[in-house]
Amino acid sequence: MMSEEFATSKGVRQGGGLSPLLFIVFMDDLIRHCRQRTKPIFVRYRKLQKVELAECAIADDLVLVTGSVGSLQENLNIWNTALEDNGMKLNKLKTNVMAVSNEKLNMDVRIDNKIITPLNIWELYWNLTAEMK
Numbered sequence: 001m002m003s004e005e006f007a008t009s010k011g012v013r014q015g016g017g018l019s020p021l022l023f024i025v026f027m028d029d030l031i032r033h034c035r036q037r038t039k040p041i042f043v044r045y046r047k048l049q050k051v052e053l054a055e056c057a058i059a060d061d062l063v064l065v066t067g068s069v070g071s072l073q074e075n076l077n078i079w080n081t082a083l084e085d086n087g088m089k090l091n092k093l094k095t096n097v098m099a100v101s102n103e104k105l106n107m108d109v110r111i112d113n114k115i116i117t118p119l120n121i122w123e124l125y126w127n128l129t130a131e132m133k
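So for the sequence shown, UniProt numbering puts the first residue at 1; every next one is plus one.
What follows is the structure in structure tokens.
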């Protein structure tokens, strides 16, 4: 079975059979590109080997992990530039920052001079647990 011919100037056809695979290949290349430029943190638990971590990606979601607000801003700028250079945009309305810290941090993180909304870890926890009930 063949579909009708269609023209496209950029991107992939929504719902096309190859679309998810092409997106994965694209994101894998982008992750490798950004990983060479971003500042990772090292995570370790007890006697387990430490792991270098800068990002976690699943489907079309991306989580950047850093050790400081300054590193987060730098890594976010690297990702934003890489995405824009490849014809993609971060959705600033769906982007948030969250600090996991013993102290209150100034979460002044921006994309294209727009302040990114900080999430409160406890609000997130309560919202997630409420959805599980």
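C-beta atoms are modelled at their ideal positions from N, C-alpha and C, and glycine is treated no differently.
Asked                                                                                                                                                : Found
Sort Asn96, Gly16 and Asn77 by Cα distance to Leu124 and report the nearest one.                                                                     : Asn96
Hey, Thr38 and Asn75: beta-carbon distance below 8 Å or not?                                                                                         : yes
Give me the DSSP bridge partner(s) of Ala57.                                                                                                         : Leu62
With a Cβ-Cβ cutoff of 8 Å, do Cys34 and Ala99 count as a contact?                                                                                   : no
Are Val63 and Met107 closer than 8 Å when you measure CB to CB?                                                                                      : no
Of all the options Arg44, Ala7, Asn102 and Ile58, which has the alpha carbon lying nearest to the alpha carbon of Ile31?                             : Ile58
I need the straight-line Cα distance from Ser3 to Lys89, nearest angstrom please.                                                                    : 29 Å
Quick check on DSSP: helix, strand or coil for Phe6?                                                                                                 : coil
Look up Ile116 in the DSSP assignment and say whether it is helix, strand or coil.                                                                   : coil
Considering only residues of the same chain and omitting the five flanking positions on each side of Arg44, which have a CB-CB separation below 8 Å? : Lys50 and Val51
To the nearest angstrom, report how far apart Ala7 and Ile78 are at their CA atoms.                                                                  : 32 Å
Work out the CA separation of Glu5 and Arg13 for me, nearest whole Å.                                                                                : 12 Å
If you run the structure through DSSP and keep just helix, strand and coil, what is Asn96?                                                           : strand
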